[in-house]
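Going by the numbering used here, the sequence shown opens with residue 228, and the numbers climb by one from there. Backbone N, C-alpha and C define an ideal beta-carbon position, used for all residues, glycine too. The next block holds one structure in the form of C-alpha cells; read it before the comments.
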Amino acid sequence: MLGCSGVGKTCLCTRYSQGTFEPNTEKTIGAAFFSRTIQLHGVTVKLEIWDTSGNERYHPLLPMYQRGASGALLIFDLTNTESFIKVPFVYESMLTCNPKAVCILVGTKCDLIHERKISTMDAQGWAEHHGIQYYEVSSSSATNIDEAFAGVTSTILQQNQQNKQNIK
C-alpha cells in the first residue's frame, strides 16, 4: 500500500483483512503488517500486506517494502486533489525499486459523493495511460475492496504463470 498520509490505507487494510471499519484510525508510523488468505482461481493465496506510512519522514524506508513486493496498490483519496497529484511520484518510486511489481490504482472514499474532487474519467484515464487497473473503493461501506485485492492478486498470479512458461 503506497500513498499520501490520510488517504485511507490503514482503513482499507483493516477492512480487507479483518472485515471492520474504524474511522478514527491512528496514523501509521513506519509500516504496519496485515495478512489474509484467499481462494482465487482455485489457488490458495496468502496475501501479506504492508501498510506504509504516507508521512514523508518515513519515505526513506519505502524501498525496504517495495523491493520484495509482488504488487502495489497506489492509493489516493477521491476527495483530495493533492493525493491524486502525487500518484505519479508514488508510481515512479515503485517502478524504480521494483519494475516487475504489479501496480493498480485505487481511489478511496468513493462513498463521499458530495466531497469528491477527482472524476472517475480522470483517474481511469491515468490508469489506462500507464497500463494498470483502476478501482474506486470505500472502506466505510466495503465497496469494491475484495475486487481491488482480487484484481491485483489475479494479475500477479497470471504474471507468475507466464514467467513459469517462459522458463520451460
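Exercise for the section: Output the distance between the C-alpha atoms of ILE272 and GLN266, rounded to the nearest integer angstrom. Expected result: In the sequence shown, the residue the question calls residue 272 occupies position 45. In the sequence shown, the residue the question calls residue 266 occupies position 39. Looking at the sequence itself, residue 272 is Val, so the reference to Ile does not match. Cα to Cα, VAL272 sits roughly 6 Å from GLN266.
Problem - Neighbourhood of THR214 by C-beta distance below 7 Å, restricted to the same chain and skipping five residues each side - result: Only positions 228 to 395 of the chain appear in this structure, which leaves residue 214 out of reach.
Exercise for the section: Taking 8 Å as the cut-off, decide whether the C-beta atoms of GLN386 and VAL333 are in contact. Expected result: In the sequence shown, the residue the question calls residue 386 occupies position 159. In the sequence shown, the residue the question calls residue 333 occupies position 106. Not a contact, by the Cβ cut-off of 8 Å.
Problem - Straight-line Cα distance separating ASN390 from LEU305 - result: Here residue 305 is taken as the residue at index 78 of the sequence shown, counted from 1. Here residue 390 is taken as the residue at index 163 of the sequence shown, counted from 1. Between LEU305 and ASN390, the C-alpha separation is close to 35 Å.
Practice task
Report yes or no: do three or more beta-carbon pairs, one from the stretch 313-332 and one from the stretch 241-250, lie closer than 8 Å?
Solution key: no
Handout entry: Contact between the stretch 289-299 and the stretch 356-371 (3+ Cβ pairs under 8 Å)
Key = no
Practice task
Can you tell me which of ASN282, THR247, ALA299, ILE312 puts its alpha carbon nearest to the alpha carbon of THR380?
Solution key: Looking up residue 380 in the sequence shown gives position 153. It is ALA299 whose Cα lies nearest to the Cα of THR380.
Practice task
Please state whether DSSP places THR264 in a helix, a strand or coil.
Solution key: Position 37 of the sequence shown, counted from the first residue, corresponds to residue 264. Here THR264 sits in strand by DSSP.
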